[in-house]
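Numbered per the numbering used here, the sequence shown spans residues 1027 to 1614. Every residue, glycine too, gets a C-beta built ideally from N, C-alpha and C. What you are looking at is a predicted structure, and each value in this text was computed from that prediction instead of being measured.
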Amino acid sequence: MAKQKLPVELEEQIQVLAGDFFIQIEEKLAEFVAQQNKPEVVADELILAHPLYISLEQTLAQTQQGNDALSSAADSKEKQLLEEIDALSAQLKEKTQIIENAETLEDAKLSDSEQTLKEHIEALAESEKIKDAALRSEQKLTESLASVTKELDALKLTEAQSSDVANQLDKELKGKTATIEVQNQQISELRMKLDDAEADLGTLRSQKAQSVESMSDELTSAQQQAQSLQNRVMDLTIDLEQAQEDAKQAREQLNMAGDKIEQLIASQEQTTEANNESGEELSSVQQALEQANENNKALEEQLSLAKEQIQQQDELLSQQSSEQQTVFDSAQKESQKLKSSLEEAQKAEQDILLKNDALTQELADLTASLEAVELQRNQLQETLDDTLQQAEDNQKQADKERETLVKDNDSIQQSLTQLQQALEASSAQIHELEQAQLKSEEGAAQQAEQLTQLQENLSQEQQEKAAQAEAIANLESELSRWQKSHHDEVELNKQTQQKLDDSQTRIQSLIDEVAEVKKKSDAKEQWLESNRAKQEVEYNKARETIKFLRDENLELSKKMDEQVAELEEKITEYRLRFEYAQKQLAKQ
């Protein structure tokens, strides 16, 4: 702590005056010792019964009581602050656990969404396999149809039989085409639902990032509050130590007061002959007092400037306190926003779960539809088998009716012509079906590309998630650096406040000292004018005081940090010496 020193000029003047007065006092004391009779012994009872001594003891007792009360209050406040710190630490741990739980839940949801997407992709792949099987079945059907056509051509079936077979095949092909269209529509709907699920997943990730950021802000605010409470505990601890030090100094001052009273009694016995001092010495004292008054005025001006500086520093501290309160209010608002964000995130999670359930149900329905298509294909295969069996039966019947067919050649030729036309129409329909099948294959290829793109998007989102985790880690590192910087600023403000307190203490001490010196000077002047007989005694006392001030001036740079209580005790000691000397002179 920096120590306040008196101006050099004032210190030199005090030393010069004190030196002159000290020489004169030594001369007078030498004469007094040579002429003085046996000194009067002052009983200890008189000292103990003296009002100032009693007042000094009462002041010490009150100081001790005040220190005890301050210690008790400080202990209670420290206990309360420790409880607040524990509560804030518990809240901090709870919020940290909430953040970890939210991250765990988010990872679980992302895993569920990825699993669902994977199942969708597998279902689409299974659908592609089913379509390939359907294409192969259609190809086999086409081959079977060609074989049947050749057999019909070879066996020269009747027009009625050919028409029935062609109509049956046409119906089956139309049914199969309708089934494929339904499958394509269901696949498109499934793709749209996958897109919606992906969008919901992106929204959930964005909300999670905002929640993590808000929780980080609240965590910072809680840590700042804990640091503030710790600083308050440190301040109270310093105040308690200072109060204990003041009590210790008060006890030492009481002991010193007793010793100095005894010295004053001994010195008083040697100062009864000081009434014969000359008027020149009185004039010197008056000049010294005038010089001291001028020095006091200079000190008052310096103190006034110091007060203005302290007032400016107080205003700056008030402004900083207001800014800190604003930051605290903002942190409370952010905490409310955090709660709202958490509620919205929970609601969004419930919506996503409902959508996932609906999507799962639709996939189950699609699977059932695919099973129905497979059943229809099996039925179609059975129909083809029946047709082949019927063709064999017709072959046998044709052998029996060969002779009849030869006779009816003309009618058969006509029937063949009609059959050829029907076959051409069937071939055209088959060609259209083949074109539609090619388009279906192209659509399936596009769907495969889209599925591949979805997988790439999913991988990219996983990479983005890792990047977000790294960004969160960077933010936490930046937060730690900011907390350290803030802690350094708090320590700097604390040191500045301590310096201001020290300056105020020193300035107040100087003000009290100047006021006391001025008061003493005024009292001395009035006393010299009102009672000439006592001027010599007061003059001797003034010289003794100046000698004491000279001794005190050598240690003044070490004692400028003492509290106002110590200065008041010294002033009480000086007054006690004056009154006791006056009473002793009055008795003599």
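Inter-residue spacing [alpha-carbon to alpha-carbon] between residue i and residue j
i     : j     : result
D1243 : Q1387 : 41 Å
S1304 : V1034 : With a pLDDT of 43 at S1304, under the threshold of 50, the predicted position of this residue should be treated as unreliable, and no value is reported.
R1603 : E1594 : 14 Å
S1098 : S1503 : 42 Å
Q1479 : N1257 : 57 Å
E1120 : Q1472 : 50 Å
E1605 : E1542 : 16 Å
L1380 : T1130 : 20 Å
Y1600 : T1531 : 22 Å
D1548 : E1053 : 27 Å
I1049 : L1036 : 20 Å
D1383 : R1507 : 46 Å
E1369 : K1520 : 41 Å
I1124 : A1116 : 12 Å
E1496 : A1113 : 31 Å
K1426 : D1412 : 21 Å
A1204 : N1500 : 57 Å
Q1461 : V1208 : 17 Å
S1366 : E1126 : 18 Å
E1239 : S1232 : 11 Å
E1475 : Q1415 : 44 Å
Q1524 : S1102 : 23 Å
S1485 : H1513 : 42 Å
E994  : D1094 : What the structure shows of the chain is the stretch from 1027 to 1614, and residue 994 is not part of that stretch, so it cannot be assessed.
E1057 : I1264 : 53 Å
E1397 : Q1405 : 12 Å
E1490 : D1222 : 19 Å
I1080 : E1341 : 43 Å
A1087 : Q1106 : 29 Å
Q1211 : M1218 : 11 Å
N1301 : Q1084 : In this predicted model, N1301 has a pLDDT of only 45, less than 50, meaning its place in the structure is not dependable; the value taken from the coordinates is given anyway. Distance between the alpha carbons of N1301 and Q1084 is about 36 Å.
T1229 : Q1236 : 11 Å
E1458 : E1468 : 15 Å
V1067 : D1577 : Residue placement at V1067 is flagged as unreliable, the pLDDT there being 49, under the threshold of 50; the coordinate-derived value follows with that caveat. In a straight line, the C-alpha of V1067 is about 27 Å away from that of D1577.
A1493 : E1109 : 40 Å
Per-residue burial, residue i [other beta carbons within 10 Å of its own, 16 or more giving buried]
i     : result
I1040 : buried
Q1250 : buried
K1510 : exposed
L1401 : exposed
E1518 : According to the sequence displayed, residue 1518 carries Leu and not Glu. So L1518 counts as exposed.
K1064 : Caution applies to K1064, whose pLDDT of 46 falls short of 50 and renders its modelled position unreliable; the value that the coordinates give is listed next. When all chains shown are included, K1064 counts as exposed.
T1571 : buried
K1596 : buried
A1607 : buried
K1465 : exposed
K1545 : exposed
K1567 : buried
A1028 : The predicted model places A1028 with a pLDDT of 42, which falls under 50 and marks its position as unreliable, so this point remains unresolved.
Neighbourhood of residue i by C-beta, 7 Å cutoff - its chain only, sequence neighbours within 5 removed
i     : result
F1574 : none
K1359 : none
beta-carbon residue i near the ligand FMN non-hydrogen atom, thresh 6 Å
i     : result
Q1415 : As presented, the structure is devoid of all ligands, the ligand FMN included, so that no description of it is given.
Neighbourhood of residue i by C-beta distance below 6 Å, restricted to the same chain and skipping five residues each side
i     : result
A1225 : none
Q1091 : none
M1260 : none
E1045 : Contrary to the premise, residue 1045 reads as Gly rather than Glu in this sequence. For G1045, where only same-chain residues beyond five positions count, there are no Cβ hits under 6 Å.
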